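Chains as they are written, first to last, in numbering that gives the first Met the number 0: chain A, 0 to 288; chain B, 0 to 288; chain C, 0 to 404; chain D, 0 to 404.
In what follows, a structure is listed as structure tokens, so that the remarks can point back to it.
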Amino acid sequence: MSILIDENTRVVVQGLTGKEGSFHARQCMVYGTRIVAGVTPGKKGQEVDGVTVYNTVREACRAHAINTSLIFVPASFAADAIVEAADAGLKVVVCITEGIPVLDMVRVLRYLDGKDCHLIGPNCPGLISPGKCKVGIMPGPIHRPGPIGVVSRSGTLTYEVVDQLTKAGLGQSTCVGIGGDPLIGSTFVDILKLFAADDDTGAVVMIGEIGGTAEEEAARYIKESFPKPVISYIAGRTAPPGKRMGHAGAIISGGQGTAAQKMETLRQHGIHVVENIGEIGMEALNAIR
Amino acid sequence: MSILIDENTRVVVQGLTGKEGSFHARQCMVYGTRIVAGVTPGKKGQEVDGVTVYNTVREACRAHAINTSLIFVPASFAADAIVEAADAGLKVVVCITEGIPVLDMVRVLRYLDGKDCHLIGPNCPGLISPGKCKVGIMPGPIHRPGPIGVVSRSGTLTYEVVDQLTKAGLGQSTCVGIGGDPLIGSTFVDILKLFAADDDTGAVVMIGEIGGTAEEEAARYIKESFPKPVISYIAGRTAPPGKRMGHAGAIISGGQGTAAQKMETLRQHGIHVVENIGEIGMEALNAIR
Amino acid sequence: MKLHEYQAKVLFAREGVPVPPGEVAASPEEAGAVADKLGHGPFIVKAQVHAGGRGKGGGIKIAEDRDAVVEKASKIIGMNLVTPQTGPQGRLVHRVLVERAFSIEKEYYLAITIDRTTARPVILASAAGGMEIEEIVQSKPHLLITEAIDPVLGLMPYQMRSFFYQLNMEPALGSSFSSLLSGLYQVFTKYDCSLVEVNPLVVTKDKKIFALDAKVDVDDNARFRHKDILEWREYENTWEEEAARYRLNYIRLDGTVGMMVNGAGMAMATMDAIDLAGARPANFLDVGGGANAEAVANGFRLILSDERVKLVLINIFGGILRCDVLAEGVINAVSELEVKVPIVVRLEGTNKEKGTELLAQSDLNFTVARDMKEVTSVIANSGLADRARKGIKREALAKLSVIPE
Amino acid sequence: MKLHEYQAKVLFAREGVPVPPGEVAASPEEAGAVADKLGHGPFIVKAQVHAGGRGKGGGIKIAEDRDAVVEKASKIIGMNLVTPQTGPQGRLVHRVLVERAFSIEKEYYLAITIDRTTARPVILASAAGGMEIEEIVQSKPHLLITEAIDPVLGLMPYQMRSFFYQLNMEPALGSSFSSLLSGLYQVFTKYDCSLVEVNPLVVTKDKKIFALDAKVDVDDNARFRHKDILEWREYENTWEEEAARYRLNYIRLDGTVGMMVNGAGMAMATMDAIDLAGARPANFLDVGGGANAEAVANGFRLILSDERVKLVLINIFGGILRCDVLAEGVINAVSELEVKVPIVVRLEGTNKEKGTELLAQSDLNFTVARDMKEVTSVIANSGLADRARKGIKREALAKLSVIPE
């Protein structure tokens, strides 16, 4: 197993003809991912690395069996692209795009409410099930198949962690970058629930950061019903107080969004918290043994 | 049993201080319904027939145990009232109000999607579980407790049918007027599903009329999975062709909205269709025997 | 509330939907002045009535120049336009819309309405323009494209693209199509429409997009939000309007049995019962579920002023309203008027007995039917039944009071 | 993007939110002219800086008449305003807002922001006006009223009533409160705000409602929809602005270790590692997850122009970008500049070995750290560590290239 993506994943890339889209689609194909179609409005019939481009996602879905979308379209069109993919019935939608207006995401998330569709991101590196499938922009070679699920709000910091895990001999089942924006599709809890049901995942490394209360919610969920060991790291312990707006938002949910508070909450809920990012690989290894 | 309302129903009346609201609330109380609070903005502290009035539904809910709302507010405020009741956590919301703009209902129904709340109406007579509880404007005395579930898009036509049933010796478990508007909260299928699970309901009388495809959808559901006998009547066999707009809407759903088509579909799905409204009581009796 | 084409096009223009240059005219002179304003021809002169198929009835004419506009307008204004949708009586034309005419390259169908099943606005489009939606559905269903609009999002760009590509429009038309479609959706939501229909939507030979025709129905329930549009209403002095003044829901039909019922469903069921008895209703009249004595009296007057009516059937299920109060209302109304036709009354509900007694004791000529079965029998035996009666037995008559035949 | 109070009040007025009569002024003379326009006093003169607590720092003054306005304005304009939120360095005041002053009867707090957990706009209100939201939450949490807004519906009347009744406002104020609140929500959605805050919202002694203060943050990601508002931006010549010009995400901090990292999370983790080592970062600098050689060079220049920096730490996880390309970028940037401080480089990812080799082979003075553990050790032993180090051992130093101390 693994979660969300595997050997049966068949991907349409929205924004395939763009610079980023074509580059990363190629990287995914090199990794072994089955990119079966592309979508760029008005560019129907073009080919990129042998992949046919369509005008709309629905059109692509009529021509190919597709279950996953990877989105690279510019921020001002990205909300539309996400909804287009979900409306076409795709079950996993991965949005790499950074900079989507938050009120666009308010509507998109309300739209997705109750729909059978996992949105990963936006503003995320995507996800990878090592050795099986990569739907994202992370460097493939640092990953190894194995029992560790990784879930993270960060990009390069996830690569750092995965690299340490691999070097410590801990391969990964699936690594999910859920994205750094205030409003994202899948939260820590959403992904943890999938890891809970995944037989191939033996333990989870969770990488959080300052802002919001997603880590606190994850802590409560883990204590109540997550059956596997969790090792966590929170970035931003020394960050200067954030924008006040972040505060007002967090206050509503009963938190302050500071790393210190998050780390304390995680510890209170029995979760192993790593302080020194340089040690996370070895600490994970020790914690799991 | 019975569906939606019974001895445990505790009602707030929105618009209690109005002419209609106070009149019908009194009738409900006379029937034995527990009206425990009223809501009219700005009239907090008033009393109507011993029932205390609050400014908001949430306020009423803090002061009393309430699970049901009965709405009599004017059409221009009714959508707001429905949402207020649902947002306060009430599980059954009955909206008598006629004339709510259809685009208001589009938003209200989207809002209610996936919420644990049964909206009955709008533009309906409400519902009654004879001998237990009446949350609506129907004349109580024509009803008798018994095994027949009644579900209808009509008002007085339902009274006619119930009257005939009672005179034929067929009492009712619950009679639900789902309302005559193009967009309503609970459909035939929604109510049939509740009747399916209700041990006290042995058979159902379904009263439809021209327009839309709700009866056809009910027919399909009944054939596939409704375990009890259904007797139906469709009003409007001789109505002149309706507004074209009704057509365009019905066409999308693959129907024409005519009574003839509905009756044919019902018969094709094995449902007993009564032609002469004057005979429905006796035909029901014969069909059930 | 149905808007005229010229009114609908005013809303279109407000929201940026391109319409052909033109103006409405109430006389041939005004039509000529519009032509002057528009400059060179050719022009098109279109009768402004609430009915489709105007072209077939001679209500739409091409006019090469100003003089032709005046001539065509003088023929159309004042004519009784008969189209497949007006019925044989036709409609009197008060105004024409004079527009610049264009060479059309391609016609499309486009409409927005509410889909009851999904409870959402839905946009329908087809490359088979110029046909009625019913025809498209029957003859070319594969050409009908639909998109439901989620109220969370409104009309999304990807949905507009979906129409655009499926309609096979030329790439250069992309942005003008998008602004037309989003403008139409704007009209639909902003003015609480139940229908916005453009048939045909055209692309002209010089590659412009226009809403060539325009049909807009505004949701009557949303009138309170659109007082300005309400002022556009034109009264045509119909029975329906007269009834609406008394808050009665009346529809004129072609039979001889005048009927008054409380509740629309009950009224339809009563019509069906009249039909089953072999007769035909002269009208649909719903005096409202919570009918009071005044509404009953008004409804009664309306029916009696219709000289086609040979029998009046009053069918009231009292509900909350007591039957004795209703009976008094009927008695008073009948006493006031000179009633020459028989009156059949069926009262049910609270205090039914007392009401029936009041009717019987009055010195007026009421026939009382005790239930719907008796209503059918009475009609079947009234002499108004001109068609085969489905299983309604004459014998039933014996039980009833005598009816003049 | 934070708006000044006077800018926020322009948006408020556009959407019908009542604000006190007033105008902005950039000089004492202009301030006097505004007073003339407003007519009689008393007036209030308010420093326009992006910081709360202006009153405590002397940035808000009452002025009885025109002369007093000019006098107060001349004191405030050009002052370096220090408030609890500006930090000790304060902020230079360029403008004042001159408004008519009112006798206040009651103060309220009102704000709209996004709640991450429900992913919806949320409105916060409290009768404890004038306090900061953090104080309200800490000292009077029972007075905080919240309503989440469902984007399907927008702000509903029942939600406005809920605030109104819970805030215990006088009944006569109902409609003006509703139009104020719906106007604020309109501002929030129409201009893509991440925060709209009115603190205090006041009821004056003559029973009028005003937004006395106004704070608006516009979502930076939505700039493309609000070109007009973008023009209001005032540049203050900060390091942050300079960095933004090169599309770098920079925040000035108070330490001595200049750092450059790709990815915000990684940058924060690096800051934390520097802190663990007992030193302090001089800045946060994220050159972007997909950093290229040019971004690295620009970032490098920015750090080196900060004279507080005693050591530069470059921590790049190559990802898709190859480490050898990055190494070249760093070498070129360093060669161009006269670098007097030690440079610690940690490269990871594709072609790491080749990149490291290039750094080693250059005749420049790089210290290479092989992983994050080594980064921490290097910093701990750099002489910049002025606080207790948490478990970082000096011995690790032996493994590293020599660092000048």
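All residues carry an ideal CB built from backbone N, CA and C; glycine is no exception.
This one's a predicted model, so the numbers in the text were calculated from it and none came from an experiment.
Same chain, Cβ closer than 7 Å to residue i, neighbours up to 5 away in sequence not counted
| i | result |
| --- | --- |
| Gly41(A) | Asn54 |
| Ala326(C) | Leu346, Gly354, Leu357 and Leu358 |
| Ala126(C) | Tyr107, Leu142, Leu166 and Asn167 |
| Pro138(B) | Tyr158 |
| Ile190(A) | Val150, Val175 and Ile177 |
Minimum Cβ-Cβ distance from residue i to chain C less than 9 Å
| i | result |
| --- | --- |
| Val107(A) | yes |
| Pro181(B) | yes |
| His268(A) | no |
| Pro290(A) | Given that chain A is displayed from residue 0 to residue 288, the structure contains no residue 290(A) and the question cannot be resolved. |
Closer than 9 Å to chain A by CB, residue i
| i | result |
| --- | --- |
| Ile250(D) | yes |
| Met168(C) | no |
| Ser161(C) | yes |
| Arg244(D) | no |
| Ile113(D) | yes |
| Glu407(D) | Here chain D has residues from 0 to 404 only, and residue 407(D) is not among them. |
Proximity test, Cβ basis, 9 Å: residue i and chain D
| i | result |
| --- | --- |
| Gly49(B) | no |
| Lys43(B) | yes |
| Pro40(B) | yes |
Bounding residues of the beta strand (DSSP E) (the contiguous stretch that carries residue i)
| i | result |
| --- | --- |
| Ser1(A) | Element bounds for Ser1(A): n/a, residue is neither H nor E. |
| His271(A) | His271 to Val273 |
| Thr51(A) | Val50 to Tyr53 |
| Asp191(D) | Premise fails: Asp191(D) is in no beta strand (DSSP E) and is neither H nor E. |
| Ile103(D) | Ile103 to Asp114 |
Close Cβ partners of residue i (< 6 Å) along its chain, the five nearest in sequence each way excluded
| i | result |
| --- | --- |
| Glu19(A) | Phe71 |
| Tyr245(C) | Asn297 |
| Ile59(C) | Lys45 and Arg53 |
| Ser177(C) | Met159 |
| Lys8(C) | Val18 and Ala213 |
Segment limits, alpha helix (DSSP H) that includes residue i
| i | result |
| --- | --- |
| Thr366(D) | No alpha helix (DSSP H) holds Thr366(D); the beta strand (DSSP E) holding it covers Phe365 to Val367. |
| Ala62(C) | Taken as a continuous stretch (DSSP letters only), Ala62(C) belongs to no alpha helix (DSSP H), being part of the beta strand (DSSP E) at Ile59 to Ala62. |
| Asp66(C) | Arg65 to Ile75 |
Chain B within 9 Å of residue i, Cβ atoms only
| i | result |
| --- | --- |
| Tyr164(D) | yes |
| Glu4(C) | no |
| Thr255(C) | no |
| Lys372(C) | yes |
| Phe223(C) | yes |
| Gly173(D) | yes |
Other residues of its chain near residue i: CB distance less than 8 Å, five sequence neighbours each side excluded
| i | result |
| --- | --- |
| Thr203(D) | Phe101, Ser102, Ile103, Glu104 and Phe209 |
| Gln26(B) | Lys133, Ile136 and Gly139 |
| His271(A) | Pro228, Val229, Ile230, Ser231, Glu282 and Ala286 |
| Val52(A) | Leu15, Thr16, Ala36, Gly37, Val38, Thr39, Lys42, Lys43, Gly44, Gln45 and Glu46 |
DSSP bridge partner residues for residue i (one or two, in chain order)
| i | result |
| --- | --- |
| Met205(A) | Val150(A) and Ser231(A) |
inquiry  = Give me the subset of the region 74–89 of chain A whose CB atoms are less than 8 Å from a CB atom of chain C, sorted by chain position.
reply    = Phe76, Asp79, Ala80, Val82, Glu83 and Asp86
ask   = Given a limit of 7 Å on CB to CB distance, which residues of the region 139–157 of chain D reach chain B?
value = Asp149, Val151, Leu152, Met155, Pro156 and Tyr157
query = Between the region 186–198 of chain C and chain B, which residues of the former have a C-beta closer than 8 Å to a C-beta of the latter?
reply = Thr188, Asp191, Ser193, Leu194 and Glu196
ask   = Of the residues that make up the region 48–79 of chain D, which ones have a beta carbon closer than 9 Å to any beta carbon in chain A?
value = Gly51
Near-chain D residues of the region 57–69 of chain B - C-beta to any C-beta below 9 Å = Arg57 and Glu58
Short-range partners of chain A found in the region 272–293 of chain D, where Cβ spacing is below 7 Å = Ala272, Asp274, Leu275 and Gly288
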